[in-house]
Amino acid sequence: LDYDDTERVMTEKLQNQVNGTEWSWRNLNTLCWAIGSISGAMHEEDEKRFLVTVIKELLGLCEQKKGKDNKAIIASNIMYVVGQYPRFLRAHWKFLKTVVNKLFEFMHETHDGVQDMACDTFIKISMKCRRHFVTVQIGESMPFIEEILSTISTIICDLQTQQVHTFYEAVGCID
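One point on numbering: in this note's numbering, the residue at position 23 of the sequence shown is 3, and numbering is uninterrupted.
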């Protein structure tokens, strides 16, 4: 795998999503799947730079596109990509916490598929970053899991039964 070439191609494809020349849900989904599939293949610093660029571009795309359907697809792809990069999440506590809190917000979003995506991404992240939830992080007064447990009823109040099961499974694997 030629990392530089792979990164260049993916960055070009992402630019074509942003500038509209290749914009479609299918193209975006395919690109984000590919971006997620190379997690861990680059050196950590290169991966960090690449991921920050990808997230920035996807957030910009979300701002630019109109309509709840477009925004939901883009948000789902952002969360998918972020969930595929646990090494980055483990190295950046504040970003990890922000992502998880955003997932909790998405758990109240009634747009089709968004709650499923939020629950699926939460379980993936909780499995790969579990120790970060139980450790008191720098700048925090308690482990994040305590915050989650104290607000659990608010977090899950809009979820369907199966989604609640997924949420509890995610919390249960945090050690």
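All C-beta atoms, glycine included, are put in the ideal place defined by N, C-alpha and C.
Residues K(-7) of the same chain have their beta carbon placed closer than 6 angstroms to that of L11, with the five preceding and five following residues left out of the count. Residue state for V116 is assigned as coil, using DSSP reduced to three classes. Taking every protein chain shown into account, the CB of S56 has 16 or more other CB atoms within 10 angstroms, so this residue is buried. For K36, the closest of I154, A52, Q(-5) and G63 by C-alpha to C-alpha distance is Q(-5). Taking Y(-17) as the centre and dropping the five residues before and after it, the same chain places the C-beta of M22 closer than 6 angstroms to its C-beta, in chain order. When only Cα atoms are considered, H72 and Y65 end up about 11 angstroms apart. Judged by DSSP in its simplified three-state form, N(-1) adopts coil rather than helix or strand. With contacts defined as CB atoms closer than 7 angstroms, F147 and C109 fail to qualify as a contacting pair.
In the three-state DSSP reduction, Q142 falls in the helix class (H, G or I). Residue range K48 to G63 is occupied by the alpha helix (DSSP H) that includes Y60. By the Cβ-count criterion, T101 is buried, with 16 or more other Cβ atoms from all chains shown falling within 10 Å of its own Cβ. With a 10 Å radius around the Cβ and a threshold of 16 neighbouring Cβ atoms, V(-11) comes out exposed. Taking the Cα of G152 as reference, the smallest distance to any Cα among L139, T115 and I103 is reached at I103. Rounded to the nearest whole angstrom, the C-alpha separation of G93 and K45 is 19 angstroms. Here DSSP, grouped into helix, strand and coil, assigns S17 to helix.
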